[in-house]
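Trainee: Residues in the sequence shown are numbered consecutively from 163, following this note's numbering.
For each residue, glycine too, the CB sits at the ideal point set by N, CA and C.
Just so it is clear, the structure is predicted and the values come from calculations on it, not from any experiment.
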Amino acid sequence: MNIFQAYQSCLVVAAHPDDEVLGAGGTIAKLAQFGVEVSVIFLTGGKTGRVSLQKDAAHNLEAEQKQLAQEASKACAILNVHKHYFLSFPDNRMDTISKMDVSHAIKEIAAVAKPDLALIHHHGDYNWDHSVAHDACMMAFRANPGDSFPQTILSFEVPSSTERNVQTPETVFCPNLYVDITSTIDTKVKALESYQSELKNFPHPRSIKGIQALAQKRGSEIGTEMAEAFSLVRHIEG
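(1) Leaving out the 5 sequence neighbours to the left and right, which residues in its chain are closer than 7 Å to His337 when beta-carbon positions are compared?
(2) Return the CA-CA distance between Val334 and Gln170, expressed in angstroms with no decimal places.
(3) Enumerate, from N- to C-terminal direction, the unbroken alpha helix (DSSP H) stretches of 4 or more residues contained entirely within the stretch 338 to 369.
(4) Taking three-plus beta-carbon pairs below 8 Å as touching, is the stretch 317 to 329 in contact with the stretch 176 to 192?
(5) Around the C-beta of Phe311, are 16 or more other C-beta atoms found within 10 angstroms, so that it is buried, or is it exposed?
(6) For a test of the three-state rule: what should DSSP assign to Leu241, helix, strand or coil?
(7) Shortest alpha-carbon distance to Asn327 belongs to which of Thr206, Gly286, Pro252?
(8) Quick test of your reading: Ile282 and Val175, contact by CB under 8 Å. State the CB separation rounded to the nearest angstrom.
(9) In three-state DSSP terms, what is Ser382?
(10) Just to confirm, is the Cβ distance from Ser369 to Leu376 under 8 Å?
(11) Taking the continuous beta strand (DSSP E) assigned at Phe303, which residues delimit it?
(12) Who are Cys336's beta bridge partners in DSSP?
(13) Do you know offhand how far Asp309's Cα is from His397's?
(14) Given Glu233, which residues of its chain have a CB within under 7 Å of its CB, disregarding the five upstream and five downstream residues?
(15) Exposed or buried, which one is Thr346 when buried takes at least 16 other CB atoms within 10 Å?
(16) If you reduce the DSSP assignment to three classes, tell me which class Ala176 lands in.
(17) Which first and last residues belong to the beta strand (DSSP E) in which Glu270 is found?
(18) Hey, out of His246, Ala225, Leu279, Val351, whose CA is closest to Ser235's CA?
(19) With 16 other CB atoms within 10 Å as the buried threshold, where does Pro277 fall?
(20) CA-CA distance, Phe166 and Ala295?
(21) Could you give the residue range of the beta strand (DSSP E) that holds Thr314?
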């Protein structure tokens with residue numbers, strides 16, 4: 163299966179701005195190079211999960227969220243994303259929202275984007291926004307007769323979330339599809355550098371060195387320099 167020749171439209175569903183780059187930035191850039199129309203959904207605006215609700219009034223939250231949105235738009239431009247959407251679900255509090263509401267919001271955008279490929283969060287991530295996003299995507303992308311749905315769904319890993327959950331058979335990320343991103347790792351890094359408010363210092367996994375190290379590890383697993391790993395959730399042939 164060559165994802166760069168088989169698909170025309172890809173929808174990436176990210177719980178937070180920067181998840182799309184961390185999990186699939188190199189692949190997004192490569193898809194765009196091959197003429198695939200990539201759209202990105204940001205389910206939350208980020209930031210609010212890092213401050214107490216009681217302290218929000220004293221926190222310069224609106225300015226920080228605006229900055230993060232600008233960083234996300236810049237990252238999408240670097241990756242040559244066709245279109246991106248900002249939704250307004252609560253950051254790190256998506257467990258308080260009906261999954262059906264999230265699913266409907268995703269499905270409305272999917273009806274416009276008409277993706278045949280979807281890149282979504284891993285169901286076993288430590289961050290509950292990610293697991294809610296996964297479940298909502300699976301609901302939105304049900305293969306119902308007469309509906310438009312992606313024939314292929316891949317889940318991606320997000321450093322500092324996927325590997326930090328308790329590793330059990332139910333939660334562990336088991337990659338079975340790899341994309342060689344040796345030619346687009348620099349684009350991924352450049353897009354990640356757009357997120358100055360989110361970047362961490364090494365040895366944090368969400369640092370530039372941390373991202374490069376993971377790409378090297380995944381690359382070594384398939385005999386190439388740099389790679390991104392995915393888990394095939396569903397593929398419908400024919």
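Mentor: With the structure as the only source:
(1) First, the amino acid is wrong: residue 337 is Pro here, not His. Answer for Pro337: Ala391, Phe392, Ser393, listed in chain order.
(2) 30 Å
(3) 347 to 355
(4) yes
(5) buried
(6) Reduced to three states, the DSSP call for Leu241 is coil.
(7) Gly286
(8) 5 Å
(9) Taken through DSSP and simplified to helix, strand or coil, Ser382 comes out as helix.
(10) no
(11) Element bounds for Phe303: n/a, residue is neither H nor E.
(12) Beta-bridge pairing links Cys336 to no other residue.
(13) So the two alpha carbons sit approximately 16 Å from each other.
(14) Pro179, Ser356, Tyr357, Gln358, Ser359
(15) buried
(16) strand
(17) Note, Glu270: premise wrong, no beta strand (DSSP E); alpha helix (DSSP H) at 261 to 275.
(18) His246
(19) buried
(20) 25 Å
(21) 314 to 318
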